[in-house]
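Let me begin by presenting the structure, written as structure tokens, before commenting on it.
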Amino acid sequence: MLMGKAGVFIAERSAQIRPFAPLTAIGPTDNVTPLSGVFRAHIMAEIFVVSAIVSVVGAVLMVARRNPIYGLIFLLVSFSGAAGVFYSLNATFIAVSQILVYAGAIAVLFLFVLMFIDLGKKGEDKFPARVDSLSTYEPAAVEEGKISEGPRFQFSYPAAVVAMTVFALFVWVAASLPEETFDKFDPVPIHGPAGPIREDETNSKSSPIYFGSTAAVGRAIFERKGPFESFALHYEVVGLVILVGVMGAVILGKRIGDEQREEQERKLKAAVAGADGHDDHGHDHGHGHH
Amino acid sequence: MEELFTPTKVLILSGALMSIGVYGVLARRNLIVMLMSLEMMLVAVNVVLVLFSRMHASEGMAGHVSQHTYEAAFLGAHTGQIFTLMIMTVAAGEVGVGLAILVALYRSRNSIDVDQARELRL
């Protein structure tokens, strides 16, 4: 059922794209087949259900896998599922940025650091679990070659109890919200040249702006709707935040030179010796008194 | 499947992602996995913001008589998505700093186990 509908969806979409169309055809177009709003709602529901399952399962496997490299791969799966959820909520630009920023940049950053760090010698527990967790790792057995590696999964009861409490709180809040607003999605209007237009009117002589598209998000950020009502300044400030973050990362990641390290250690030793000397003095004094 | 696609269900999905992130931060000792769980929680917040942006878009759109107020309301409904973009940017900066701290910690301790990091001094 799902595949059939998705196939029809793709076919209808691709029928709208005419290869090598002249540039003037972008915008006002006459001969496109409009998608019906009801049909679109069906597709969005199916995309949401599939993406939500993918996202949650990926997240569970991410926290459960013992080896962080597999965890990273499941994090990618989970982020892709979240991108599908964003698409089903008509936020197409956010969905694409989710893939670009999280899956493209952040996951690769994690991978670089994982490859950079040597996570321990053979026979040593590289990924130790908390004392109370189920993970039973026997370094001796690995050394003898009985098992190739430790268990694949880790589980911790107290953390699971806390997480289930948080989840129950969320479900309780979500269930106590007013039903008339939270039990269905209303159709999203499309910005036409003269006010909102319906989905089946988009082939009229108009260049519609879809909700959540790049054009709409860009205009929402940079268009001045009144004094101080544009988000352009906020956007600049966020750029400053990430600049400070990059500078902090460079300073933290800088390798300290040998002479600088010696200088630091000498200072530290002097400080420790000073503190000890003071302590010893007080100690001796106390002894002498007794 | 339409009964599964309601704002309440999206909120529950977000709560599930958030609590999985909480579990990851609490249960693991590996700093990298803790950072990844933190990212998971930020994604859960983004899901809620995008959901409210979507609900805001379809609410009260019909009542606008003038083109100007309609346009302002239509663009104003994107505020949640703009916040999502800013959270993504802050998350990227946070991961950069967090991983730099992790590398510095690894250099001085030879381990990324958070239980080994008892002092603020690197």
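Protein sequence lines, in the order shown, are assigned to chains A and B. Residue numbers for the first sequence follow the numbering used here, so the first one is -9 and each next one is one higher. Residue numbers for the second sequence follow the numbering used here, so the first one is 274 and each next one is one higher. Just so it is clear, CB atoms sit at the ideal spot from N, CA and C, and this is done for glycine as well.
Within its chain, find whatever has a CB closer than 7 angstroms to the CB of Ser123/A; leave out the 5 residues flanking it on each side and keep chain order. Along the first sequence, one-based indexing puts residue 123/A at 133. Low per-residue confidence applies at Ser123/A: pLDDT is 48, beneath 50, and the placement is therefore not dependable, though the value from the model is reported in the following sentence. Gln144, Phe145, Ser146, listed in sequence order.
Does Met291/B get closer than 8 angstroms to chain A when you measure Cβ to Cβ? Residue 291/B sits at position 18 when you count from the first residue of the second sequence. Put simply, the CB of Met291/B is near chain A, with a gap under 8 angstroms to one of its CB atoms.
Assign Ile241/A to one of three DSSP states: helix, strand, or coil. For the purposes of this step, residue 241/A is taken as residue 251 along the first sequence, with counting starting at 1. In this structure, Ile241/A counts as helix in the three-state DSSP scheme.
Give me the Cβ distance between Ala205/A and Ile199/A, rounded to the nearest whole Å; I'm assuming they're in contact under 8 angstroms. Counting from 1 along the first sequence, the entry for residue 205/A is found at position 215. Counting from 1 along the first sequence, the entry for residue 199/A is found at position 209. Rounded, the Cβ-Cβ distance is 5 angstroms, consistent with contact.
What do you reckon, are the CB atoms on Val103/A and Thr362/B nearer than 8 angstroms? The residue you call residue 103/A lines up with position 113 of the first sequence. The residue you call residue 362/B lines up with position 89 of the second sequence. No.
Under the three-state DSSP convention, the category Phe143/A falls into: Taking the first residue of the first sequence as 1, we reach residue 143/A at position 153. The three-state reading of DSSP puts Phe143/A in strand, counting E and B together.
Can you find the residues in the same chain that come closer than 6 angstroms, C-beta to C-beta, to Ser78/A, ignoring five residues on each side of it along the sequence? If you number the first sequence from 1, residue 78/A lands on position 88. Same-chain partners within the cutoff: Met34, Ile37, Phe38.
Beta-carbon within less than 8 angstroms of Val320/B's beta-carbon, same chain only, minus the 5 sequence neighbours each way: which residues are those? Locating residue 320/B in the second sequence gives position 47, where the first residue counts as 1. Excluding positions up to five away in sequence, the list reads Val283, Leu286, Ser287, Leu290.
Indicate the three-state DSSP secondary structure (helix, strand or coil) for Asp386/B in the structure shown. Here residue 386/B refers to the residue found at position 113 of the second sequence. Residue state for Asp386/B is assigned as strand, using DSSP reduced to three classes.
In this structure, does DSSP put Asp274/A in helix, strand or coil? Residue mapping note: residue 274/A aligns to position 284 of the first sequence, counting from 1. At Asp274/A, the pLDDT of 44 sits below 50, so the modelled position is not reliable; the number obtained from the coordinates is stated separately. Annotated three-state conformation of Asp274/A is helix, per DSSP.
Can you check whether the C-beta of Ile89/A is within less than 8 angstroms of a C-beta belonging to chain B? For the purposes of this step, residue 89/A is identified with residue 99 of the first sequence, where counting begins at 1. Cβ-Cβ to chain B under 8 angstroms: no for Ile89/A.
Over the uninterrupted alpha helix (DSSP H) stretch that includes His329/B, give me the two end residues. Residue numbering aside, residue 329/B sits at position 56 when the second sequence is read from its first letter. That run of the alpha helix (DSSP H) goes 304 to 331.
Comparing C-alpha positions only, which one of Phe83/A, Gly74/A, Val161/A sits nearest to Gln354/B? To locate residue 354/B, count along the second sequence from 1; it is residue 81. Ranked by Cα distance from Gln354/B, the options Phe83/A, Gly74/A, Val161/A are led by Phe83/A.
If we define contact as Cβ-Cβ less than 8 angstroms, is Ala426/B a contact residue for chain A? An answer regarding residue 426/B cannot be provided, because it is not within the stretch 274 to 395 covered by chain B.
Relative to the ligand ADP, is the shortest distance from any of its heavy atoms to the C-beta of Ile180/A smaller than 7 angstroms? This structure simply doesn't include the ligand ADP, nor any ligand for that matter.
Using the three-state DSSP reduction, which class does His32/A fall into: helix, strand or coil? Position 42 of the first sequence, counted from the start, is the residue given in the question as residue 32/A. His32/A: helix per DSSP, three-state reduction.
Give me the Cα-Cα distance between Val329/B and Ser45/A, rounded to the nearest whole angstrom. As a position in the second sequence, residue 329/B is number 56, starting the count at 1. As a position in the first sequence, residue 45/A is number 55, starting the count at 1. Note that residue 329/B is His in the sequence shown, not Val. Going by the C-alpha atoms only, they are around 24 angstroms apart.
Taking 8 angstroms as the threshold (beta carbon to beta carbon), is Glu252/A in contact with chain B? Indexing the first sequence from 1 puts residue 252/A at position 262. No, Glu252/A does not count as interfacial toward chain B.
Within the same chain, show all residues whose beta-carbon is closer than 8 angstroms to that of Val376/B, passing over the 5 residues directly before and after it, in chain order. Looking up residue 376/B in the second sequence gives position 103. There are no such residues.
Apply the 10 Å Cβ neighbour rule to Thr281/B and answer buried if 16 or more other Cβ atoms are within range, or exposed otherwise. In the second sequence, counting from the first residue as 1, residue 281/B sits at position 8. When all chains shown are included, Thr281/B counts as buried.
What residue does the alpha helix (DSSP H) around Gly61/A start on, and which one ends it? Stepping through the first sequence from its first residue, residue 61/A is reached at position 71. Gly61/A: member of the alpha helix (DSSP H) spanning 58 to 78, first to last residue.
Quick check: the Cα distance between Ile374/B and Leu242/A, rounded to an integer number of angstroms? Within the second sequence, numbered from 1, the residue matching residue 374/B stands at position 101. Within the first sequence, numbered from 1, the residue matching residue 242/A stands at position 252. Between Ile374/B and Leu242/A, the C-alpha separation is close to 6 angstroms.
Residue closest to Pro179/A, alpha-carbon to alpha-carbon, out of His351/B, Leu311/B, Leu299/B, Glu312/B: In the first sequence, residue 179/A corresponds to position 189, counting from 1. It is His351/B whose Cα lies nearest to the Cα of Pro179/A.
Let's test the definition: count the other Cβ atoms within 10 Å of the Cβ of Pro12/A and tell me whether it reaches 16, buried, or not, exposed. Along the first sequence, read from residue 1 onward, the residue named residue 12/A stands at position 22. Note on Pro12/A: pLDDT 43, under 50, position unreliable in the model; no value is reported.
7 angstroms Cβ shell around Leu62/A - same chain, five flanking residues per side excluded: Looking up residue 62/A in the first sequence gives position 72. Counting only Cβ-Cβ distances below 7 angstroms, and skipping sequence neighbours, we find Ala97, Phe100, Leu101, Leu104.
Taking Cβ positions, are Val370/B and Glu312/B nearer each other than 8 angstroms? Taking the first residue of the second sequence as 1, we reach residue 370/B at position 97. Taking the first residue of the second sequence as 1, we reach residue 312/B at position 39. Going by C-beta atoms, Val370/B is not nearer than 8 angstroms to Glu312/B.
Would you say Phe69/A and Ala95/A are within 8 angstroms of each other, going by their C-beta atoms? Here residue 69/A is taken as the residue at index 79 of the first sequence, counted from 1. Here residue 95/A is taken as the residue at index 105 of the first sequence, counted from 1. Between Phe69/A and Ala95/A, the CB-CB gap reaches or exceeds 8 angstroms.
Cα separation between Leu299/B and Ile385/B? The residue labelled residue 299/B in the question sits at position 26 within the second sequence. The residue labelled residue 385/B in the question sits at position 112 within the second sequence. Rounded to whole angstroms, Leu299/B and Ile385/B show a C-alpha spacing of 15 angstroms.
Please compile the residues from chain B whose C-beta is within a distance smaller than 9 angstroms of the C-beta of Met105/A. On the first sequence, position 115 is the one that residue 105/A refers to. Within chain B, not a single residue places a beta-carbon under 9 angstroms from that of Met105/A; the smallest gap is close to 11 angstroms.
Exposure label - His181/A; buried when at least 16 CB within 10 Å: Along the first sequence, read from residue 1 onward, the residue named residue 181/A stands at position 191. By the 10 Å Cβ count, His181/A comes out buried.
Can you tell me whether Ile374/B is helix, strand or coil according to DSSP? Residue numbering aside, residue 374/B sits at position 101 when the second sequence is read from its first letter. Here Ile374/B sits in helix by DSSP.
DSSP on Arg55/A, reduced to helix/strand/coil? Indexing the first sequence from 1 puts residue 55/A at position 65. In the structure shown, Arg55/A sits in a strand (DSSP, three-state: E or B).
Note down the Cα distance separating Lys174/A from Arg380/B, rounded to an integer number of angstroms. Position 184 of the first sequence, counting from 1, holds the residue named residue 174/A. Position 107 of the second sequence, counting from 1, holds the residue named residue 380/B. Answer to the nearest angstrom: the Cα atoms are 53 angstroms apart.
Looking at chain A, is there any beta carbon in it that lies within less than 8 angstroms of the beta carbon of Met313/B? Mapped onto the second sequence, residue 313/B falls at position 40. Taking Cβ atoms only, chain A reaches closer than 8 angstroms to Met313/B, which makes this a yes.
Segment limits, beta strand (DSSP E) that includes Gly294/B: Walking along the second sequence from the start, residue 294/B turns up at place 21. Counting along the chain, Gly294/B falls outside any beta strand (DSSP E), though it belongs to the alpha helix (DSSP H) covering 280 to 300.
Strictly below 7 angstroms CB to CB, what residues from chain B border Gly74/A? If you number the first sequence from 1, residue 74/A lands on position 84. Identification of chain B residues near Gly74/A by a Cβ-Cβ cut-off of 7 angstroms yields none; the smallest Cβ-Cβ distance measures about 11 angstroms.
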